[in-house]
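Q: Residue numbers (the working numbering), protein chains in the order written: chain A, 25 to 155; chain B, 65 to 162.
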Amino acid sequence: MQKLYIVGLFVLAGVFLLYGFVNPSTYSFFPQCPFHVLTGLDCPGCGSQRALHSLLNGNLKEAADYNLLLVFSIPLLVVHFRYKAASIFTGRDIRFRALDYTLTPILIFILVVGFAVLRNLPTELGNYLKA
Amino acid sequence: MESQNFGQPPAFRPKNWLVESILVTIFCCLPLGIVSIVNAAQVNSRYNAGDYAGAQAASKEAGKWVKIAFFVGIALGVIGIVLNVLIGVGAGLLGSFS
């Protein structure tokens, strides 16, 4: 298990290096969202590669324009992985309690589906939310 | 399904896969992640309502969909990259011959 975490950290570092230095919108070898290719619509994940590149280069505003959901998810992920790291290092089961509330996944579901719908509508908001 | 100790809370809350569901939703570019978020919601609501066996079953289901979204996402991504490279090489060859 310990080994798996170390491998995971290396993979993560590699992904950050790749997406930090290479802009996905200028090279065609980055994978395209299959859902977008098939339907022409934006899924909740569309724009996340470009958003990650923007984020790693310190451009939060541009990242939010590509994929607002990714930017919103960062605080939650940071808190979760801080707890996770703490429980690995201390050997105790420390968890982010808010993730176990009944309401949390329901709210996240509403956010994700709402985002998916709104970003495909031909409105000013949709224009901002689309990838 | 597995645990038959109804009424008694198991020592551990079943994993709800919520963070993993969010990650596959954002990065695997497939609407399948939404299915695992729904299952994550069922893990929490069932466990919090005392339905421990139901929570375990939902946990299994959530994990299954996270894995499906993850591997399908990777497979389609790799197919996309291969197609891109093939088209690129093909175009390059055509260009050099004509």
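The C-beta atom is built at its ideal place from N, Cα and C for all residues, glycine as well.
Any beta-carbon of chain B closer than 9 Å to the one on F40 (chain A)?
A: no
Q: If we count the other Cβ atoms within 10 Å of its Cβ and call it buried at 16 or more, is R121 (chain A) buried or exposed?
A: Counting the other Cβ atoms within 10 Å of the Cβ of R121 (chain A) gives fewer than 16, which makes it exposed.
Q: Extract the residue ranges of the alpha helix (DSSP H) inside the region 90-146 of chain A, only unbroken runs of 4 or more that lie entirely within it.
A: 92-114 and 127-142
Q: Classify N81 (chain A) as helix, strand or coil using the three-state DSSP reduction.
A: coil
Q: If the cut is a Cβ gap below 8 Å, which residues of chain B does I98 (chain A) touch?
A: Around I98 (chain A), no beta-carbon contact reaches into chain B at under 8 Å, the shortest distance being about 10 Å.
Q: Determine the direct distance from the alpha carbon of R119 (chain A) to that of A48 (chain B), and round the result to whole angstroms.
A: It is not possible to answer for residue 48 (chain B), since the shown part of chain B is limited to 65 through 162.
Q: Would you be able to state if there are at least three C-beta pairs under 8 Å between the region 117-128 of chain B and the region 141-160 of chain B?
A: no
Q: Considering V88 (chain B), what are the terminal residues of the alpha helix (DSSP H) in which it resides?
A: If you look at V88 (chain B), you'll find it in the alpha helix (DSSP H) that goes L82 to F91.
Q: State buried or exposed for F91 (chain B), treating a residue as buried only when at least 16 other CB atoms are found within 10 Å of its CB.
A: buried
Q: Quick check on P78 (chain B): does DSSP put it in helix, strand or coil?
A: coil
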